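Novice: In the working numbering, the protein residues as written are 1050 to 1377.
The beta-carbon is built from N, C-alpha and C at its ideal position, and this holds for glycine as well.
As the structure is a prediction and not an experimental result, all values here were calculated from the model.
There's a structure below that I have some questions on.
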Amino acid sequence: MPKSRLSVVVTRRLPDAVETRLSELFDLRLNETDAPMDRAALIAAMQDCDVLVPTLTDNIDAALLAQASERLKLIANYGAGVDHIDVATARQRGILVTNTPGVVTEDTADMAMALMLAVTRNIPAGLAQMQAGDWAGWSPMANLGTRINGKRLGVLGMGRIGQAVARRAQAFGMQIHYHNRRRLRPEVESALEATWWESLDQMVARMDVISVNCPHTPATFHLLNARRLKLLKPSAIIVNTSRGEVIDENALTRGLRAGEIAGAGLDVFERGRQVNPRLRELSNVVLMPHMGSATREGRAEMGEKVIINIKTFADGHRPPDLVLPSML
C-alpha cells in the first residue's frame, strides 16, 4: 500500500469519537446529512476512495461494484450483517469485505427478551392506557398476559446471539430448544440445557416462543414460510431481531390476524422501512424500528472494529474480520 493516508468514505454519521479517530488516521469524508446515499452518490464515492464504510442502508450490489474504480480495495462494513453487500462479486474484483461481528450480541439478545416480555405481558397496551389516562385502577381480570417461566423457547439459529438469548431465557426459567445448521458442542449444549431439533418443522410445532436469530442467506429466505407458520400452536409467539427476510411477512400477518398465532415482536421487517401496514393495526404485535443493536456502547464498539479492520489493512495485513463468500 502507498505511504500516503488512505481515502475513506463513510456513508452515514457515526459516533463522534469514531469519526474523530478515523479523521486522525485517514483522509476522511463524511456524509454530513446522515441521509442514506442514493446510487449516484455511492458510485461517486466508490470511484474516488480506497475504503468505503457502508451500513445496512447501502445496497452494494454487483451493478454498483462494476462501476467502482480499481482504487477501491476495502469495504469495511459498519455492522455484522453483510447481506446488503455482494461479497462474491467484491472478491472477484479484488475488493476485501469486513464486518463487525460480536459487538452487538448482548444488546440484540437484550432486545429479544424485551420483545418477548412486551408481547406476553401486554406492556404496550398498558403503557398506552396509562399515557391516555384511561386506567380505572387494579382489577383481577384486567390486562392479563402470559408468564414465560416454564415455557418452551425455540431458538432458530444458535450462533453468538442465539446463545445469548438462550442464556437470558434460562434465567427466566424457560426451557431451551434450538434448530441450527450444526449441532452445538456437547459442553455448550449442556451449559445451556438446550435440546437440539434436527427437524425445524417438529420444533416450531411444539414451542411457545420462537426467537429468530439466524442471518439472511439464500438458504434462510422465508425459512418460516406459510406452511411452517401454520405448524405453530395458536398460543405461540414469534420474536425476530435478526433479519426480516427470514419470515414470510404476509403469511405471518395473516396468521396473526386470524388468531392462528398469538403474537409477534418484530425489530426487523422483510422490506426494511416498508412495514406491512396491516401489522400496525394488530394489538398482538409489538413493532420496533430496528433497535436491537442501538446502544451507545455497541455503536462505539462497532466503530472500533471498523477502525481496526481498516488500520490492519493499511498496514499490509489481513483484516481480522474479513468476510469470505464461503462463510455466508
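1) If we count the other Cβ atoms within 10 Å of its Cβ and call it buried at 16 or more, is Met1207 buried or exposed?
2) Under 8 Å between the Cβ atoms of Val1057 and Ile1359?
3) Put Ser1332 into one of helix, strand or coil per three-state DSSP.
4) Can you tell which of Ala1307, Leu1305, Gly1308, Val1334 has its C-alpha closest to the C-alpha of Asp1316?
5) Pair every Cβ in the segment 1145-1162 with every Cβ in the segment 1116-1125, then say whether three or more of these pairs are closer than 8 Å.
6) For the alpha helix (DSSP H) that Thr1244 lies in, which residues bound it at each end?
7) Tell whether a beta-carbon distance below 8 Å holds between Val1355 and Thr1157.
8) Applying the criterion that 16 or more other CB atoms from any shown protein chain within 10 Å of the CB defines a buried residue, is Ser1375 buried or exposed?
9) Kindly indicate the opening and closing residues of the alpha helix (DSSP H) around Ser1291.
10) Please classify Pro1051: does DSSP put it in a helix, a strand, or coil?
11) If you draw a straight line from the C-alpha of Cys1098 to the C-alpha of Ala1117, how long is it?
12) What are the boundary residues of the beta strand (DSSP E) that Ala1117 is part of?
13) To the nearest angstrom, how far is it from the Cα of Met1086 to the Cα of Ser1072?
14) Sort Glu1319, Gly1199, Asp1250 by Cα distance to Leu1280 and report the nearest one.
15) Which residues mark the beginning and the end of the alpha helix (DSSP H) in which Val1214 is found?
16) According to DSSP, is Ser1239 part of a helix, a strand, or is it coil?
17) Tell me Leu1147's beta-bridge partners as DSSP assigns them.
18) Please state if the CB of Gly1293 and the CB of Phe1270 are separated by a distance shorter than 8 Å.
19) Assign Met1050 to buried or exposed, taking buried as 16 or more other Cβ atoms, counted over all protein chains shown, within 10 Å of its Cβ.
20) Does Gln1180 come within less than 8 Å of chain C when only Cβ atoms are used?
21) So Ala1275 is in the beta strand (DSSP E); what residue range does that whole segment cover?
22) Could you tell me how far apart the beta carbons of Asn1192 and Ala1174 are, in whole angstroms, since I believe they sit closer than 8 Å?
Specialist: Taking the coordinates as given:
1) buried
2) yes
3) coil
4) Val1334
5) yes
6) Thr1244 -> not in any alpha helix (DSSP H); beta strand (DSSP E) instead, spanning 1243-1245.
7) no
8) exposed
9) Here Ser1291 belongs to no alpha helix (DSSP H), and DSSP marks it neither H nor E.
10) Because Pro1051 carries a pLDDT of 46, less than 50, the predicted location of this residue cannot be relied on, and the following value inherits that uncertainty. The answer is coil: DSSP assigns Pro1051 none of H, G, I, E or B.
11) 9 Å
12) Counting along the chain, Ala1117 falls outside any beta strand (DSSP E), and DSSP gives it neither H nor E.
13) Cα to Cα, the separation comes out at about 20 Å.
14) Asp1250
15) 1209-1220
16) Three-state DSSP puts Ser1239 in a helix.
17) The residue asked about is misnamed: residue 1147 is Thr in this sequence, not Leu. Paired residues: Ala1125, Leu1371.
18) no
19) No answer about Met1050 holds up, because its pLDDT of 43 lies below 50 and its placement is not dependable.
20) The structure shown has no chain C; it contains just one protein chain.
21) No beta strand (DSSP E) holds Ala1275; the alpha helix (DSSP H) holding it covers 1275-1278.
22) 7 Å
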